[in-house]
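Input: a single structure, listed below in structure tokens.
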Amino acid sequence: SHGISVCLWLGVLLCPALSQRTGTPATTWTGRLLVVPMDGSHWTGLKAVAEELGHRGHTVVVVMPEVSMRLDSGKHYITKRFPVPYGPELLEELQARNTEALQSTTLSLMERISSRISSFKKFVHYQQATSEGLLLNQELLDFLREQNFDALLTSPAVPTGAILAYNLSLPAVYMLRGLPCGMDSISTACPDPPSYVPRFFTKNSDHMCFSERVLNVLVSMVEPLICKAIYWSFEDVASRFLQRAVSMKEILSTGALWLFRYDFTMEFPRPLMPNMVLIGGLNCAIRSPLSLVSAAE
Ligand SMILES: *[C@@H]1O[C@H](CO)[C@@H](O)[C@H](O)[C@H]1NC(C)=O
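Quick look at the structure:
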């Protein structure tokens, strides 16, 4: 099946990476990988992998919007940009709103909630526009289809890459820290008992007292609603693109491999499916010195 072949495929690619980080590529077989990254901090880990695989002689193509915060070209991969219907000022506004939300302590609770909701709407709108920029770009899709990729690597938090992999019938490799409202467990049918898997944003650990357990169960009961709110706009894009009604669970359930930037020793143990692999803190792979400005402040 897809899962097993991608496991083997990535094994071939990554095992030499673990044993010898530098030097000449150990494999002569080369593959073709399509990368659909998400903007922001998610890019750090994906970029490290794209660079390393490109360096080892594989063909790596990264598709990204023309306007972005962090997405950039690299030495060892090919960059393919697509137009989007917004300019850099939208990203600046989103960032400014984020900073504002973190600093605003003078606002009342209701004001904070309504400002959060309006920011969230703007963010969803921006993600939807980016997703459509890629999925409704016929010329780009035809180009990608012709490339005969072996696999697609993406952050599933914004499911554009997952939707694309589904359409191109490519095995999808997801790299993630986790998904809101237990979407990873739902779509892989992985056991996720609220009795000992702490829910997002509850600040619970896997050792819960009675009241924490009650909170955990209550949050797990409203999670399906939160999921709907977060993913409905993508379900809309996906349904229009694939020309049939499709749920996010259905799209994500086709993922071949889930690479979690997570480790039991740092957090808490939880059940995993056989195609889920813990890879730890890949975000530390690309380092840069602290900027003098922040050091001086
Ligand atoms: C992929 O998308 C096209 C529309 O862009 C659609 O016609 C086709 O059926 C889709 N294929 C799959 C496998 O979903």
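Letter by letter, the sequence shown follows residues -19 to -1, 1 to 278 in mature numbering (1 follows the signal peptide of the UniProt record, and there is no 0). We put the CB at the ideal spot given by N, CA and C, even for glycine.
A Cβ-Cβ distance of about 6 Å is found for the pair residue 259 and residue 243, placing them in contact under the 8 Å criterion. Here the stretch 229 to 236 makes contact with the stretch 160 to 169; the two share three or more CB pairs at distances below 8 Å. One thing to note: residue 15 has its Cβ within 8 Å of the Cβ of residue 133. For residue 234, the distance from the CB to the nearest heavy atom of ligand 1 is not below 7 Å. Taking a cut-off of 7 Å from the heavy atoms of ligand 1, the residues with a C-beta inside it are 122, 147, 148, 150, 222, 223 and 224. Of the candidates 57, 51 and 24, 57 places its Cα closest to the Cα of residue 39. Here DSSP, grouped into helix, strand and coil, assigns residue 161 to helix. Contact annotation: residue 27 and residue 50 have beta-carbon atoms that are not nearer than 8 Å.
Annotated three-state conformation of residue 61 is strand, per DSSP. Taken through DSSP and simplified to helix, strand or coil, residue 91 comes out as helix. In this structure, DSSP gives residue 241 an extended state, which the three-state scheme calls strand. Contact holds between the stretch 103 to 121 and the stretch 136 to 152, because three or more Cβ pairs, one in each stretch, are under 8 Å apart. In the structure shown, residue 135 falls within a strand segment according to DSSP collapsed to helix, strand and coil. Here the alpha carbons of residue 158 and residue 135 stand approximately 12 Å from one another. Shown here, residue 200 sits in a helix according to DSSP, grouped into three states. Of the candidates 74, 25 and 102, 25 places its Cα closest to the Cα of residue 263. Residue 13 is bridged by DSSP to 40. Closest by C-alpha distance to residue 220, out of 147, 202 and 250, is 147. Annotated three-state conformation of residue 155 is strand, per DSSP. For residue 11, the CB contacts under 6 Å within the same chain, skipping 5 residues up- and downstream, are 38 and 39 in chain order. Our two residues, residue 36 and residue 99, have alpha carbons roughly 43 Å apart in a direct line. For residue 117, there is no enclosing alpha helix (DSSP H), as DSSP marks it with neither H nor E.
Around the beta carbon of residue 213, fewer than 16 other beta carbons lie within 10 angstroms, which makes this residue exposed. Assigned with DSSP and collapsed to three states, residue 259 falls in strand.
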